[in-house]
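Undergrad: Okay, handing you the structure first.
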Amino acid sequence: MIRVKVYTVLALEEILGQREFEISIPRRSTVKDLIFWMIKTWGDKLSSLFYPGSDRLLPHIRLMVNGRDIEFLNGMETVLEDGDEFMMIPFVAGG
Amino acid sequence: MGLLFAALMGRERREEMYAGYTGKILRINLTDKTSRQEEVPLEVGKDFIGGAGFGIKYLFDEVKASTNPVGPENKLIFAPGPFSGTTVPCASRMAVTSKSPLTNAVGMSLAGGYFPVELKFAGYDILIVEGKAERPTYIWIKDDEVQFRDASKVWGTQTTDCQQVIKEDLNDHNVRISCIGPAGEHLARIACIINERRAAGRKGLGAVMGSKNLKAIAVRGSGSVSVASEEKFKVARGEMLKTMKESRGLYSHFARIGTPMVLDLTCAMGIFPSKNWTATGEFIPVEHIGVKAQETRKIGKVHCYDCPVGCSQLKLAMRGPYAGVMTEGPEFETLYSLGGTTGVDNLDSIIAADRLCDELGLDTMSGGVTVGFAMELFEKGILGTVDTGGLKLNFGNHEAMLTLLRLMAFREGIGDFLSDGVKAAAEKIGKGTYKYAMHVKGLELPGYDVRGAKAHGLNYATSYTGADHNRGYAFQEIFGIRVPYAVDRFSLEGKGNLTKWNQDMRTATCDCPTMCAFLLDTSLFATATQNTAALMEAVTGLTYTPEEIMKVGERINNLARAFNVREGFTRANDTLPERLMTEALQSGASKGHLISKDDLNLMLDEYYTVRGWDLNTGTPTRTKLIELGLGYVADQLSI
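Set out below in structure tokens:
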């Protein structure tokens, strides 16, 4: 098993009830595996993040591993390592 | 399409072309107490749109090289946009442009509220203030009538009181007023101009106003702003409102929380600058001053004229010596400058300091960063209590922060030399303190540690106003918006091209039509050029392709650059504080990153190349200026 820190902010922080927490997941887990784990854990509470009736995230939901957007890693197939920091960011704007 | 064309087409056609515009400049000379109206040439409307475009055009044409920014030869130009005063949402804004006393470069700052539309209703696209009044004066503009009125009884007042007294003096509580506070009167080069509680905050424009002995401008207009085609206007406005409504969070989140939401994000991304940029990623005050904490102080919200969003929040300090102080804000940038960079995480003190700055007419951003700079010097022992008049300027000392802000506004004690910002202060102190002065071209840095957002950093380095997030905000890096394409915030590749795009887009779709820039990253990012083109056609009758809209942005960025070149700015000035180029971030989600000198040079080379500027000097080439219809600028610069 590996340990991964999960961070979020604002609306997602409200849903998850916490800004950051650590989870243990099997080695070689990917970002997609982590998202499925989150769906399993929080269920319908996370429905606002996905296209209706789908497990596809809405385009404005931003995912980062160690601060880098996953599309510049290996997307949803990005393999997580022990000690990685995973960030899930909802709508934020106004700068 | 020029004056000849207009003359051939006759007056009727000319009026049609001017819909949306009033077609008039009001030129006021304080030295000889005269005013006159002039026409806005047709081609100026087409080529520069309005707002910042008008301001920079007239600044370049009328303010000669090496003009003293706080001398009577400098000019102060107020320009709303063509949509101001119509029912285009979120367009009640104006650009205030002058030669900046803080940077000696173009000083352009935008403000919302109600003053901008009132200026349009009074009949003016542009107000140019020249000269210097013999004694404290305020200007009263009521449609065609202009009065120069004695301001001796409001000289020395804070900005709220000033506006109140002038309203009483004019016996009209519906006048709209732009004014300065004590900071502007004392020529603090980080002074701002306040209208209602909105600020043309940056670049020391309040000092320009103060140098002219001009306390305030009061405006009341009885006119209205016409549109060229009611039918097209209905469609274009409807499209814009629809796009805003479809936003994932404009109304549901941004309207409720406002800009403070960016604090929570930047803290998570490890780019919220802390303790004068020494502790980014380490000092994370989200618990104390982030959105949740802010909600406990919120008592209402404020809308600018014809804005359906109302992002501005009213907050009330509730504890300690600050209890009972209300402010409009603090916005994200103020939370950074009076919170992050000073190491202050006492929200009530930040609320009080925000209000204090507004009342004193002091830019919260430059003010806070300057306090943070002084705090680092104090912590390092470069400044002691002998220098500070007994103030213990340790990071986090909120009481000292408020005291120092007041000293800066009145130029008292240590506040005297700090009131000109960090660059001037470091030059006076010496001892290598330039290393701790967080500025570009003299303008204090905004609230994003660009070591973790490289295009944002390149924008700080190249913006024509100095370190200014608003001139080319890299929303791709900060918010992950994939327009025009997705970018890796840590990479260098392609950032020159992206920065040009961000600067030209922002200039053309926000700064010139004076559209609220928050709409860009909350909703209009994918449609901004089309939206601007459609509204320009509907409101003014002038037609543009989206590419031509971008060209307007490019033209203005080149003209502003030319102004700065004429003032002696070169590639060497397009740089970042040494700390950002030599010290990598030590903690947080951007740990290990910096923008080295080599990194910056790589990005600058690409930026100058896509801009068509000389790689060695950073000067626009003659070819580029001619392509943009700025041949006369090339002639003036002898290039």
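From first to last, the protein sequence lines stand for chains A and B.
Count along the first sequence from 1, then add 932; that gives the number in the numbering used here.
Count along the second sequence from 1, then add 9; that gives the number in the numbering used here.
We treat Cβ as the ideally placed atom computed from N, Cα and C, and that holds for glycine.
Because the structure is a prediction, the values reported are computed rather than measured.
1) Do you know how far the Cα of T973/A is from the Cα of E952/A?
2) Going along chain B in order, which residues have a C-beta closer than 9 angstroms to the C-beta of R994/A?
3) When DSSP labels each residue in this structure, what does H448/B get in the three-state scheme?
4) Taking CB distances under 8 angstroms as the criterion, tell me whether E1009/A reaches chain B.
5) Measuring CB to CB, does I137/B end up less than 8 angstroms from I203/B?
6) As an exercise, report each continuous alpha helix (DSSP H) stretch of at least 4 residues that is fully enclosed by the segment 441–497 of chain B, in chain order.
7) Pick helix, strand or coil for I635/B, following the three-state DSSP scheme.
8) Cutting at 7 angstroms between CB atoms, please list the residues of its own chain near T554/B, excluding the five before and the five after it.
9) Just to make sure I have the definition right: I need the residues of chain A whose C-beta is within less than 7 angstroms of the C-beta of M278/B. Which are they?
10) Using a C-beta cutoff of 8 angstroms, does Y617/B count as contacting chain A?
11) Since L452/B and G475/B are thought to touch, with beta carbons under 8 angstroms apart, how far apart are those beta carbons, to the nearest angstrom?
12) Kindly provide the ranges of any beta strand (DSSP E) runs that are 3 or more residues long and lie completely inside the segment 61–128 of chain B, ordered along the chain.
13) Just list the residues that DSSP pairs P361/B with in beta bridges.
14) Give the single residue among T412/B, H465/B, E385/B and Y457/B whose Cα lies nearest to the Cα of K444/B.
15) Using the Cα positions of M417/B and A383/B, report the straight-line distance between them to the nearest angstrom.
16) Using 8 angstroms as the threshold, is the segment 228–242 of chain B in touch with the segment 514–528 of chain B, meaning 3 or more CB pairs across them?
17) Return the chain-ordered list of same chain residues with a C-beta closer than 7 angstroms to the C-beta of M559/B, the five sequence neighbours on each side being excluded.
18) If we ignore side chains and look at the alpha-carbon of each, how far apart do P50/B and G59/B end up?
19) Mind checking who G309/B pairs with in its DSSP beta bridge?
20) Do K221/B and L39/B have their C-beta atoms closer together than 8 angstroms?
21) Is it the case that the Cβ atoms of M278/B and L942/A are separated by a distance below 8 angstroms?
22) Buried or exposed: where does V395/B fall if 16 or more other Cβ atoms within 10 Å of its Cβ makes it buried?
23) Thinking C-alpha only, which one of K600/B, V449/B and P91/B is nearest E1017/A?
24) Closer than 8 angstroms by C-beta to E502/B: which residues in its own chain qualify, once you throw out the five before and the five after it? Chain order, please.
25) If you measure beta-carbon to beta-carbon, which residues of the segment 458–486 of chain B are closer than 8 angstroms to chain A?
26) With three or more C-beta pairs closer than 8 angstroms as the rule, is the segment 259–276 of chain B touching the segment 334–347 of chain B?
27) Under 7 angstroms from any heavy atom of the ligand PLP, does the C-beta of I86/B make it?
28) Are the C-beta of V936/A and some C-beta of chain B separated by less than 8 angstroms?
29) Please confirm if G1026/A has its CB atom under 8 angstroms from at least one CB of chain B.
30) Could you say which of A142/B, N403/B and S428/B lies nearest to L652/B if we only look at CA atoms?
31) Is the beta carbon of V642/B less than 8 angstroms from the beta carbon of A571/B?
32) What number of angstroms, rounded off, separates the C-alpha of G489/B from the C-alpha of R1000/A?
33) Going by DSSP in three states, P555/B sits in which element: helix, strand or coil?
34) To the nearest whole angstrom, what separates the beta carbons of G381/B and I199/B, a pair I think is in contact under 8 angstroms?
35) Given F14/B, which residues of its chain have a CB within under 6 angstroms of its CB, disregarding the five upstream and five downstream residues?
36) Give the residues of chain B in contact with Y983/A, contact being defined as C-beta atoms less than 9 angstroms apart.
TA: The relevant details are as follows:
1) Residue 952/A sits at position 20 when you count from the first residue of the first sequence. Residue 973/A sits at position 41 when you count from the first residue of the first sequence. Approximately 15 angstroms between the Cα atoms of the pair.
2) For this step, residue 994/A is matched to residue 62 along the first sequence. Going along chain B in sequence order, the residues near R994/A (Cβ under 9 angstroms) are F488 and G489.
3) Numbered from 1 along the second sequence, position 439 holds the residue referred to as residue 448/B. It is a strand residue.
4) As a first step, residue 1009/A is located in the first sequence; it is residue number 77 there, counting from the start. So no, E1009/A is outside the interface.
5) On the second sequence, position 128 is the one that residue 137/B refers to. On the second sequence, position 194 is the one that residue 203/B refers to. It is not a contact, given that the beta carbons lie outside the stated cut-off.
6) 463–471 and 484–488
7) One-based indexing of the second sequence puts residue 635/B at position 626. Note: I635/B maps to helix in three-state DSSP.
8) What you label residue 554/B is simply residue 545 of the second sequence in a count that begins at 1. Excluding positions up to five away in sequence, the list reads A542.
9) Position 269 of the second sequence, counting from 1, holds the residue named residue 278/B. Going along chain A in sequence order, the residues near M278/B (Cβ under 7 angstroms) are G999.
10) Within the second sequence, numbered from 1, the residue matching residue 617/B stands at position 608. No, no contact with chain A.
11) Mapped onto the second sequence, residue 452/B falls at position 443. Mapped onto the second sequence, residue 475/B falls at position 466. At roughly 3 angstroms, the Cβ-Cβ gap stays under 8 angstroms, so L452/B and G475/B are in contact.
12) 85–89, 103–108 and 115–120
13) In the second sequence, the residue the question calls residue 361/B occupies position 352. Reading off the sequence, residue 361/B comes out as Ala, not Pro. For A361/B, which the question treats as bridged, DSSP gives no partner whatsoever.
14) Here residue 444/B refers to the residue found at position 435 of the second sequence. Measuring from the Cα of K444/B, the nearest candidate turns out to be E385/B.
15) Indexing the second sequence from 1 puts residue 417/B at position 408. Indexing the second sequence from 1 puts residue 383/B at position 374. For M417/B and A383/B, the distance between alpha carbons rounds to 12 angstroms.
16) no
17) Indexing the second sequence from 1 puts residue 559/B at position 550. So the list reads D513, M514, A517 and T538, once near-sequence residues are dropped.
18) Locating residue 50/B in the second sequence gives position 41, where the first residue counts as 1. Locating residue 59/B in the second sequence gives position 50, where the first residue counts as 1. Computed Cα separation, rounded: 12 angstroms.
19) Translated into positions along the second sequence, residue 309/B becomes position 300. In DSSP, G309/B forms a bridge with L323/B.
20) On the second sequence, residue 221/B is found 212 positions in, with the first residue counted as 1. On the second sequence, residue 39/B is found 30 positions in, with the first residue counted as 1. It is a contact, given that the beta carbons lie within the stated cut-off.
21) For the purposes of this step, residue 278/B is taken as the residue at position 269 of the second sequence. For the purposes of this step, residue 942/A is taken as the residue at position 10 of the first sequence. For M278/B and L942/A, no; Cβs fall outside 8 angstroms.
22) What you label residue 395/B is simply residue 386 of the second sequence in a count that begins at 1. So V395/B ends up on the exposed side.
23) Locating residue 1017/A in the first sequence gives position 85, counting from the first residue. Here the closest residue by C-alpha is K600/B.
24) Indexing the second sequence from 1 puts residue 502/B at position 493. Cβ neighbours of E502/B beyond the five flanking positions: none.
25) G461, H478, Y482 and F484
26) yes
27) The ligand PLP is absent from the structure shown, which contains no ligand whatsoever.
28) If you number the first sequence from 1, residue 936/A lands on position 4. Not one chain B Cβ lies under 8 angstroms of V936/A.
29) Within the first sequence, residue 1026/A is the residue found at index 94, counting from 1. Yes, its Cβ sits closer than 8 angstroms to a Cβ of chain B.
30) Because chain B is modelled from 10 through 648, residue 652/B falls outside the range shown and cannot be assessed.
31) Taking the second sequence and counting its residues from 1, the one referred to as residue 642/B is at position 633. Taking the second sequence and counting its residues from 1, the one referred to as residue 571/B is at position 562. Contact: yes.
32) Looking up residue 489/B in the second sequence gives position 480. Looking up residue 1000/A in the first sequence gives position 68. Taking the straight line from one Cα to the other gives about 10 angstroms.
33) Mapped onto the second sequence, residue 555/B falls at position 546. Note: P555/B maps to helix in three-state DSSP.
34) Walking along the second sequence from the start, residue 381/B turns up at place 372. Walking along the second sequence from the start, residue 199/B turns up at place 190. Contact doesn't hold; Cβ gap of about 13 angstroms is too wide.
35) Numbered from 1 along the second sequence, position 5 holds the residue referred to as residue 14/B. For F14/B, the predicted model reports a pLDDT of 39, less than 50, meaning its position is unreliable and no value from the coordinates is stated.
36) Locating residue 983/A in the first sequence gives position 51, counting from the first residue. By Cβ distance, chain B contributes nothing, its closest Cβ being about 12 angstroms from Y983/A, past 9 angstroms.
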